[in-house]
Structures are given as structure tokens and as C-alpha cells.
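Quick note on numbering that gives the first Met the number 0: the sequence shown kicks off at 0 and runs consecutively.
The structure under discussion appears below in the form of C-alpha cells.
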Amino acid sequence: MTKKIRRMKNAWTRKEVATLRANWHNGLPIKQWMNELPGRSYSAIMQRAHELELGPRGRCFAVPPTTWTLIQRLLSDGVARTVNAIAAAVGCSGRHVYTTLERYHGAETRIAGWAPRTRNGGDKPAMWALGSGPDARKPRPLSPTEATRRYRKKLRNDPDRMIAREGKDWLRHAERHGNLIRRDQAASWLPTTSNHAPT
0 MTKKIRRMKN AWTRKEVATL RANWHNGLPI KQWMNELPGR SYSAIMQRAH ELELGPRGRC
60 FAVPPTTWTL IQRLLSDGVA RTVNAIAAAV GCSGRHVYTT LERYHGAETR IAGWAPRTRN
120 GGDKPAMWAL GSGPDARKPR PLSPTEATRR YRKKLRNDPD RMIAREGKDW LRHAERHGNL
180 IRRDQAASWL PTTSNHAPT
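Next up, the structure:
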């Protein structure tokens, strides 16, 4: 009877089970979120997860609370930002910011849109925001034809860049077909002007 009473006192509530399920696959160490289950030890959490057959947790990484707090504070204005913009604002590396956003992805962060491509033919960088809604649909990458057309349009809008590009193309073509006129090495030692006045 005593064991039965003790077991009833230690029974998990539905809210606790829901909290456990929500955090089990979040990619964070248990010790980093076990404060959401007050009164439950590390071993108790592991045992209950085993009873619920929640499966393996996979690789977990600790995230400094300050980093996530800074990201939350920045994105609380409702403006979606790229990883690089967030990293510059909070003073962290882009890789660290991306890893943090991915850990909370689907629960507290989402992709709200896609920024313009940063280079010809490259993928559009994701713009992150707070929230658990669906991600914005990722645009398809440019086809080789579209990428070429886009690049040529850039050249037309930048005459100096276009001239430099044409010069490189001509030089490459001349070298390939043996039409490039190179100055003779011996001739380079001869003076180009005379220091003697004509007689």
C-alpha cells in the first residue's frame, strides 16, 4: 500500500508529459530544459521517456542562454532578418546563429521569407523570424540560362565592368588561338627613345 501511494504521488501529469514530448527532440541537453519539469530529476526524465518510447534523442548541443536571448530580443520587433544580419547585430558568428535558429526551428523560429540572391545564380538566403508558423516556400534556383541572362543584364548596366569583361574574353580567345602578340624579350632591352639629337 505504501509503495502504491508513493507511486501515485510521483505520477506524471498530462502537462508534464506534454512538456517532455515537446522538448525531447529539441536538440538541447536535458539539463538545459529540465527546469520546465520542477521536481523531476535527470534520471526520472530519462526513465519516463523510456516508458513513453520517445526514442533516441540524437546529437545534442548546448546553447548559451545569452545567445538565444539576444536573438529573441532582436527579432521581437517583427522584422525578419538573414543569418548574417542577425550575427552582425548580436555579435556572434553566422554559423553559431544558424545552429541556434535551427534548434528552435518549427517551435519558436520560422523562415518568414527569402532575401535577394547575393551572387549570380546563388540561392536566396532565408530570412528568419520568431514564431511557430509554416515556413515561406523556398524559391527554385535559377537555371543556367536564367543565370547567364541575369549576369549579362548586370554587365549591360555597368559599362566599366562590361568593358573589363570583354577585354578578358578577347585576351583569353587570343591566347587560345595563338593570336596574342607578345613583345620579344631581347627587344625589351633596347631603348624606346634616342637621347641624341638629329644631325
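Backbone N, C-alpha and C define an ideal beta-carbon position, used for all residues, glycine too.
Please give the ranges of any alpha helix (DSSP H) in the region 52-88, keeping only runs that are unbroken, at least 4 residues long and fully inside the region.
64-74
My output table needs one value for residue 49: the three-state DSSP class, helix, strand or coil.
For the purposes of this step, residue 49 is taken as residue 50 along the sequence shown, with counting starting at 1. Here residue 49 sits in helix by DSSP.
Ordered along the chain, which non-local residues of its own chain (more than five positions away) have a Cβ less than 7 Å from that of residue 47?
Taking the first residue of the sequence shown as 1, we reach residue 47 at position 48. Answer for residue 47: 11 and 19, listed in chain order.
For the beta strand (DSSP E) that contains residue 108, what are its first and last residues?
If you number the sequence shown from 1, residue 108 lands on position 109. From DSSP, the beta strand (DSSP E) with residue 108 extends over 108-113.
Note down, in chain order, each residue of its chain lying with its Cβ closer than 6 Å to the Cβ of residue 124, except the 5 sequence neighbours on either side.
Along the sequence shown, read from residue 1 onward, the residue named residue 124 stands at position 125. For residue 124, where only same-chain residues beyond five positions count, the Cβ hits under 6 Å are 81 and 114.
Rounded to whole angstroms, what's the CA-CA distance from residue 25 to residue 148? Just pull it up for me.
Along the sequence shown, read from residue 1 onward, the residue named residue 25 stands at position 26. Along the sequence shown, read from residue 1 onward, the residue named residue 148 stands at position 149. Looking at the two C-alpha atoms, the distance is approximately 43 Å.
Would you say the region 35-55 touches the region 83-91, given that touching needs at least three Cβ pairs under 8 Å?
no
Less than 8 Å separating the beta-carbons of residue 60 and residue 108?
Taking the sequence shown and counting its residues from 1, one reaches residue 60 at position 61. Taking the sequence shown and counting its residues from 1, one reaches residue 108 at position 109. No, the Cβ-Cβ distance between residue 60 and residue 108 is not below 8 Å.
Chain-order list of residues whose beta-carbon lies under 8 Å from that of residue 106 (same chain, five-residue window excluded):
Here residue 106 is taken as the residue at index 107 of the sequence shown, counted from 1. For residue 106, where only same-chain residues beyond five positions count, the Cβ hits under 8 Å are 21, 25 and 131.
Buried or exposed by the 16-neighbour rule on C-beta atoms within 10 Å, applied to residue 128
Counted from its first residue, the sequence shown places residue 128 at position 129. Buried: at least 16 other Cβ atoms inside 10 Å.
According to DSSP, is residue 11 helix, strand or coil?
Residue mapping note: residue 11 aligns to position 12 of the sequence shown, counting from 1. It is coil, neither helix nor strand.
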